[in-house]
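This report refers to the structure that appears directly beneath it.
Protein chains: 2
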Amino acid sequence: MLSPLPSAKAMVPFVSVENMMRLVHHLGVETVLAELTEAIEADFRRWESFDKTPRVASHSRDGVIELMPTSDGAVYSFKYVNGHPKNIVDGLQTVTAFGLLAEVSTGYPVLLTEMTMLTALRTAATSAMAARHLAPQGAGTMAMIGNGAQAEFQALAMKAVCGINTVRLYDIDPRATEKTARNLAGSGLEIVTCPSAQAAIEGAEIITTCTADKQFATILTDNMVGAGVHINAIGGDCPGKTELHRDILKRSDVFVEYPPQTRIEGEIQQMAPDFPVTELWKVVTGAAAGRRDARQITLFDSVGFAIEDFSALRYVRDRLSGTDFYQNLDMIADPDDPRDLFGMLLRAK
Amino acid sequence: MLSPLPSAKAMVPFVSVENMMRLVHHLGVETVLAELTEAIEADFRRWESFDKTPRVASHSRDGVIELMPTSDGAVYSFKYVNGHPKNIVDGLQTVTAFGLLAEVSTGYPVLLTEMTMLTALRTAATSAMAARHLAPQGAGTMAMIGNGAQAEFQALAMKAVCGINTVRLYDIDPRATEKTARNLAGSGLEIVTCPSAQAAIEGAEIITTCTADKQFATILTDNMVGAGVHINAIGGDCPGKTELHRDILKRSDVFVEYPPQTRIEGEIQQMAPDFPVTELWKVVTGAAAGRRDARQITLFDSVGFAIEDFSALRYVRDRLSGTDFYQNLDMIADPDDPRDLFGMLLRAK
Chain P
74 MLSPLPSAKA MVPFVSVENM MRLVHHLGVE TVLAELTEAI EADFRRWESF DKTPRVASHS
134 RDGVIELMPT SDGAVYSFKY VNGHPKNIVD GLQTVTAFGL LAEVSTGYPV LLTEMTMLTA
194 LRTAATSAMA ARHLAPQGAG TMAMIGNGAQ AEFQALAMKA VCGINTVRLY DIDPRATEKT
254 ARNLAGSGLE IVTCPSAQAA IEGAEIITTC TADKQFATIL TDNMVGAGVH INAIGGDCPG
314 KTELHRDILK RSDVFVEYPP QTRIEGEIQQ MAPDFPVTEL WKVVTGAAAG RRDARQITLF
374 DSVGFAIEDF SALRYVRDRL SGTDFYQNLD MIADPDDPRD LFGMLLRAK
Chain V
74 MLSPLPSAKA MVPFVSVENM MRLVHHLGVE TVLAELTEAI EADFRRWESF DKTPRVASHS
134 RDGVIELMPT SDGAVYSFKY VNGHPKNIVD GLQTVTAFGL LAEVSTGYPV LLTEMTMLTA
194 LRTAATSAMA ARHLAPQGAG TMAMIGNGAQ AEFQALAMKA VCGINTVRLY DIDPRATEKT
254 ARNLAGSGLE IVTCPSAQAA IEGAEIITTC TADKQFATIL TDNMVGAGVH INAIGGDCPG
314 KTELHRDILK RSDVFVEYPP QTRIEGEIQQ MAPDFPVTEL WKVVTGAAAG RRDARQITLF
374 DSVGFAIEDF SALRYVRDRL SGTDFYQNLD MIADPDDPRD LFGMLLRAK
């Protein structure tokens with residue numbers, strides 16, 4: 074199934090940032106978000122066929138570097154991703170990423186791609202997939218608290234997949250809100266900029282929090298959250314970094330990707346190790362209930378999981394076929410006689 | 074210390090297989106092996122300053138795909154490496170690899186490189202470093218059992234670092250031995266091809282085993298190994314894959330890289346969990362004894378550890394300066410305003 078691309082074994086197709094952006098525009102941003110949502114949901118439906126492991130994190134004072142591997146037995150993927158909140162001060166991305174697909178049967182890589190852009194897309198698609206199952210019927214308005222790099226992707230995914238028509242923006246930095254409003258101006262969404270988080274969540278059926286501080290923060294307090302909403306909590310995604318007051322968690326039904334990882338990294342790191350959660354894949358397959366009634370508060374405690382990257386990488390590889398949105402990298406030494414690696418070196422002289 | 078290369082943050086220098094071979098010839102193979110040995114030994118000397126974790130392995134019927142991360146607090150590295158013994162049947166490498174260096178302070182990658190060739194070089198350099206501390210004084214002859222992709226690198230590293238002058242070759246497949254003899258013809262080493270493992274080890278002070286079967290094999294049996302030799306056991310490097318009869322281990326002083334990994338992957342997987350071993354880094358710093366007398370059998374149970382890759386990646390990056398043996402990859406999305414990732418996408422349209 075990974076066949077159509079370059080077959081020369083030594084060559085690995087590489088998708089640069091520029092080519093990823095070309096691919097996204099070629100297909101259309103909302104189409105990509107909608108198709109990614111389907112790709113991720115398809116893999117959540119076969120969740121049990123994946124090797125799962127919490128990401129391998131290397132923490133430092135300034136941030137974290139993580140490797141996120143998974144495999145379905147036929148295809149292997151991993152993502153390299155960092156999280157450095159203070160990068161923004163130096164004009165750098167807080168999150169950058171790249172990823173790789175390989176054939177399990179040979180171990181040979183078959184795709185290398187930038188994943189800063191792709192992670193933003195898949196994170197939004199995962200949120201939309203969760204909201205499709207958990208948000209109240211007919212939700213039309215999303216509050217978007219934290220207007221950083223993820224904000225527009227979230228808004229467009231919720232529009233493309235869940236049919237929202239209004240986004241209410243708030244950020245502690247008004248320039249971030251201006252930026253987001255400007256970028257979404259031609260999107261068909263009604264954009265409302267708000268002076269506070271409290272104002273932003275007014276009338277919103279979906280509340281998305283996506284702020285970047287590496288600390289225990291309280292973007293939402295309990296009194297702010299009314300009955301019946303769906304909270305899409307993106308920013309609490311590493312140890313010591315949360316966004317919601319714990320009292321909100323106690324009133325909510327909490328849905329997670331992979332509990333062993335979320336209990337370390339997500340909002341529920343504030344709670345006891347046996348705090349009840351529902352695995353999102355079980356909602357997707359129908360094995361567990363999603364939203365049960367109109368007054369229930371549902372909370373997707375999203376930290377990002379390797380299977381979502383796997384889906385995104387597979388999707389990109391499929392969509393690359395027949396395009397020229399990649400270059401071939403001479404990344405794998407592949408001598409004619411595999412035992413003659415040294416002879417290959419000798420002959421290169 | 075990672076400064077001289079391209080500073081454009083979005084660009085990651087990439088060393089292809091072809092450029093790696095150009096770099097090696099530019100410097101000279103034996104020079105690279107000798108300098109790599111020094112680089113690895115320097116990092117073994119500060120072993121305690123590294124984050125260490127057993128590699129993250131994804132096992133399948135046909136082989137294994139592994140990620141090997143480490144960090145010294147300033148620089149992070151990881152290697153992707155597969156091990157698929159049956160690949161050779163399909164004309165593929167059993168081991169292919171690539172690796173990455175990143176700045177811990179920002180999480181930004183600063184080097185991506187092929188590591189199939191580089192792993193062969195660093196594995197041989199690590200063997201030579203161990204042999205320099207453990208082989209008998211004045212060792213002049215090495216037996217090389219298993220004449221696959223690693224054989225020539227091992228021979229040249231032992232020549233460059235330990236001063237051996239003779240290599241005695243044996244492989245179950247005579248064509249592998251012919252290939253190795255041919256490749257080493259101009260090296261200055263005396264090459265003796267042997268009809269059996271038993272014949273190969275005759276008179277050898279250093280015995281290197283490097284065979285590829287993924288199974289419990291017995292390349293050496295106890296009666297074959299005389300007093301005073303140094304055994305450099307390379308091929309036992311994943312669960313279920315060993316080369317030596319366990320009776321040899323009982324007679325030897327065993328030296329390892331990182332015990333938690335070697336007890337799973339190395340020759341000592343055959344022994345009890347408390348089988349005594351000495352960590353090689355302690356020999357390098359003088360904290361533990363290496364060879365104590367002329368009759369002792371020393372055994373380096375080598376499985377390869379992430380710090381060796383770290384050393385090799387750092388070495389390559391240093392040696393790239395002032396050369397054109399790399400290309401810049403547009404791998405990191407780096408918008409002018411880091412929060413404006415979506416604006417970057419919009420403007421690319």
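Protein sequences appear in the order of chains P and V. Straight run, no breaks: the first sequence in the working numbering ends on number 422. Straight run, no breaks: the second sequence in the working numbering ends on number 422. We put the CB at the ideal spot given by N, CA and C, even for glycine.
ask   = According to the neighbour-count rule (16 or more other Cβ atoms, all chains shown, within 10 Å of its Cβ), is A222 (chain V) buried or exposed?
value = What you label residue 222 (chain V) is simply residue 149 of the second sequence in a count that begins at 1. With a threshold of 16 other beta carbon atoms within 10 Å, A222 (chain V) meets it and is buried.
Fill in: Between the CA atoms of D135 (chain P) and E275 (chain V) - distance to the nearest angstrom
Within the second sequence, residue 275 (chain V) is the residue found at index 202, counting from 1. Within the first sequence, residue 135 (chain P) is the residue found at index 62, counting from 1. Between the C-alpha atoms of E275 (chain V) and D135 (chain P) there is a straight-line separation of about 56 Å.
* May I ask you to report which of helix, strand or coil DSSP gives P127 (chain P)? => Along the first sequence, read from residue 1 onward, the residue named residue 127 (chain P) stands at position 54. Coil.
Interface residues of chain P facing A83 (chain V) [CB-CB closer than 8 Å]:
By 1-based counting over the second sequence, the position of residue 83 (chain V) is 10. Going along chain P in sequence order, the residues near A83 (chain V) (Cβ under 8 Å) are V90.
### Query
If we ignore side chains and look at the alpha-carbon of each, how far apart do V105 (chain P) and R392 (chain V) end up?
If you number the first sequence from 1, residue 105 (chain P) lands on position 32. If you number the second sequence from 1, residue 392 (chain V) lands on position 319. About 42 Å.
DSSP-derived helix/strand/coil call for V85 (chain V) = Taking the second sequence and counting its residues from 1, one reaches residue 85 (chain V) at position 12. Strand at V85 (chain V).
### Query
Taking the beta strand (DSSP E) that Y149 (chain V) falls in, what are its first and last residues?
On the second sequence, residue 149 (chain V) is found 76 positions in, with the first residue counted as 1. Element bounds for Y149 (chain V): V148 to G156.
Self-check item: 8 Å Cβ cut-off: residues of chain V touching R412 (chain P)
Solution: Reading the first sequence from its first residue, position 339 is the one you call residue 412 (chain P). Neighbours of R412 (chain P) on chain V, chain order: I161, N220, G221, A222, A249 and K252.
Problem set entry | chain V residues whose Cβ lies nearer than 7 Å to that of V183 (chain P) | Within the first sequence, numbered from 1, the residue matching residue 183 (chain P) stands at position 110. In chain order: nothing, as chain V lies at least about 12 Å away.
- Just how far apart, CA to CA, sit I281 (chain P) and F348 (chain V)? Numbered from 1 along the first sequence, position 208 holds the residue referred to as residue 281 (chain P). Numbered from 1 along the second sequence, position 275 holds the residue referred to as residue 348 (chain V). It is worth fixing the name first, because residue 281 (chain P) is Thr in this sequence and not Ile. Cα to Cα, T281 (chain P) sits roughly 54 Å from F348 (chain V).
ask   = Where DSSP assigns a beta bridge to M141 (chain V), which residues make up the other side?
value = For the purposes of this step, residue 141 (chain V) is taken as the residue at position 68 of the second sequence. According to DSSP, which records beta bridges pairwise, M141 (chain V) is partnered with V:K152.
Practice problem: Note down, in chain order, every chain V residue with its Cβ under 8 Å from the Cβ of V129 (chain P). | Solution: On the first sequence, position 56 is the one that residue 129 (chain P) refers to. Within chain V, the residues near V129 (chain P) are T126, V129, L140 and P142.
- Query: Quick one: Cα of M215 (chain P) to Cα of A290 (chain P), how far?
  - Reply: Numbered from its first residue, the first sequence carries residue 215 (chain P) at position 142. Numbered from its first residue, the first sequence carries residue 290 (chain P) at position 217. Going from the Cα of M215 (chain P) to the Cα of A290 (chain P) covers about 21 Å.
(request) Give me the Cα-Cα distance between E187 (chain P) and P158 (chain P), rounded to the nearest whole angstrom. (result) Position 114 of the first sequence, counted from the start, is the residue given in the question as residue 187 (chain P). Position 85 of the first sequence, counted from the start, is the residue given in the question as residue 158 (chain P). P158 (chain P) has its alpha-carbon roughly 20 Å from the corresponding atom of E187 (chain P).
- Consult DSSP for R205 (chain P) and reduce its assignment to one of helix, strand or coil. Along the first sequence, read from residue 1 onward, the residue named residue 205 (chain P) stands at position 132. Helix at R205 (chain P).
Query - Assumed close pair T189 (chain V), Q166 (chain V) - CB separation to whole angstroms, cut-off 8 Å - result: What you label residue 189 (chain V) is simply residue 116 of the second sequence in a count that begins at 1. What you label residue 166 (chain V) is simply residue 93 of the second sequence in a count that begins at 1. Indeed, because the Cβ distance is near 6 Å, the residues count as touching under 8 Å.
So if I threshold CB-CB distances at 9 Å, which residues from the region 93-105 of chain P count as touching chain V? M93, M94, R95, V97, H98 and V102
*Looking at chain V, which residues of the region 396-421 of chain P have a Cβ within less than 8 Å of any of its Cβ atoms?*
L402, D403, M404, I405, A406, D407, P408, D409, D410, P411, R412, D413, L414, F415, G416, M417, L418, L419 and A421
- Query: In whole angstroms, what separates the C-alpha of K35 (chain P) from that of G309 (chain V)?
  - Reply: Absent from the model: residue 35 (chain P). The displayed extent of chain P is 74 to 422, so no value can be given.
Residues near S80 (chain V) by beta carbon distance below 7 Å, same chain, minus five either side:
Counted from its first residue, the second sequence places residue 80 (chain V) at position 7. Per-residue confidence for S80 (chain V) stands at a pLDDT of 44, beneath the threshold of 50, marking its modelled position as unreliable; the derived number appears in the next sentence. Within the same chain, S80 (chain V) has no close Cβ partners at all.
For E225 (chain V), decide whether its Cβ has a neighbour in chain P, counting only Cβ atoms nearer than 8 Å.
Walking along the second sequence from the start, residue 225 (chain V) turns up at place 152. Contact with chain P is found for E225 (chain V), since one of that chain's Cβ atoms lies less than 8 Å from the residue's Cβ.
Any Cβ of chain P within less than 8 Å of the Cβ of D295 (chain V)?
As a working note, residue 295 (chain V) is residue 222 in the second sequence. Judged by the 8 Å Cβ criterion, D295 (chain V) is not in contact with chain P.
Could you list which residues in chain P have their beta carbon closer than 9 Å to that of F87 (chain V), in chain order? Here the question's residue 87 (chain V) lines up with position 14 in the second sequence. F87, L402 and M404, listed in chain order.
Q.
Using a Cβ-Cβ distance cut-off of 8 Å, determine whether L317 (chain P) contacts chain V.
A. By one-based count along the first sequence, residue 317 (chain P) stands at place 244. So, not an interface residue.
Check your understanding: Of all the options V:S178, V:V129, V:G146 and V:G339, which has the alpha carbon lying nearest to the alpha carbon of E121 (chain V)?
Key -> In the second sequence, the residue the question calls residue 121 (chain V) occupies position 48. That would be V:G146, whose Cα lies nearest to the Cα of E121 (chain V).
- prompt: What is the residue span of the alpha helix (DSSP H) that D326 (chain P) lies within?
  reply: Here residue 326 (chain P) is taken as the residue at index 253 of the first sequence, counted from 1. It is not in any alpha helix (DSSP H) - D326 (chain P) instead sits in the beta strand (DSSP E) that spans S325 to V329.
If you draw a straight line from the alpha carbon of A115 (chain P) to that of R241 (chain V), how long is it in whole angstroms? Reading the first sequence from its first residue, position 42 is the one you call residue 115 (chain P). Reading the second sequence from its first residue, position 168 is the one you call residue 241 (chain V). The alpha-carbon atoms of A115 (chain P) and R241 (chain V) are separated by roughly 56 Å.
Under 8 Å between C-beta atoms of A170 (chain P) and T143 (chain P): The residue given as residue 170 (chain P) occupies position 97 in the first sequence. The residue given as residue 143 (chain P) occupies position 70 in the first sequence. In this structure, T143 (chain P) does not lie closer than 8 Å to A170 (chain P) by Cβ.
Item to complete: Within the same chain, show all residues whose beta-carbon is closer than 6 Å to that of M74 (chain V), passing over the 5 residues directly before and after it, in chain order.
Response: Against the second sequence, residue 74 (chain V) aligns to sequence position 1. Low local confidence applies: a pLDDT of 42 at M74 (chain V) is under 50, so the model's placement there is unreliable, and no value is given.
Practice task
Output yes if chain V places a C-beta closer than 8 Å to the C-beta of D135 (chain P); else output no.
Solution key: Here residue 135 (chain P) refers to the residue found at position 62 of the first sequence. Yes, its Cβ sits closer than 8 Å to a Cβ of chain V.
| task | Pick out the complete alpha helix (DSSP H) segments inside the region 234-283 of chain P, 4 residues or longer, and give them in chain order. | result | 247-256 and 270-273
Would L386 (chain V) count as contacting chain P if we go by Cβ distances under 8 Å?
Here residue 386 (chain V) refers to the residue found at position 313 of the second sequence. L386 (chain V) does not count as touching chain P.
**Report entry** Cβ-Cβ distance between I321 (chain V) and L353 (chain V) below 8 Å
**Finding:** For the purposes of this step, residue 321 (chain V) is identified with residue 248 of the second sequence, where counting begins at 1. For the purposes of this step, residue 353 (chain V) is identified with residue 280 of the second sequence, where counting begins at 1. Result no, Cβ atoms of I321 (chain V) and L353 (chain V) do not sit closer than 8 Å.
- Query: With 16 as the cutoff for other CB atoms within 10 Å, does G377 (chain V) come out buried or exposed?
  - Reply: On the second sequence, position 304 is the one that residue 377 (chain V) refers to. The residue in question, G377 (chain V), is buried, as its Cβ has 16 or more Cβ neighbours within 10 Å.
query: What residues in the region 322-348 of chain V bring their beta carbon closer than 9 Å to a beta carbon of chain P?
result: The residues in question: there are none.
Terminal residues of the beta strand (DSSP E) in which T186 (chain V) lies: Reading the second sequence from its first residue, position 113 is the one you call residue 186 (chain V). P182 to E187 is the extent of the beta strand (DSSP E) around T186 (chain V).
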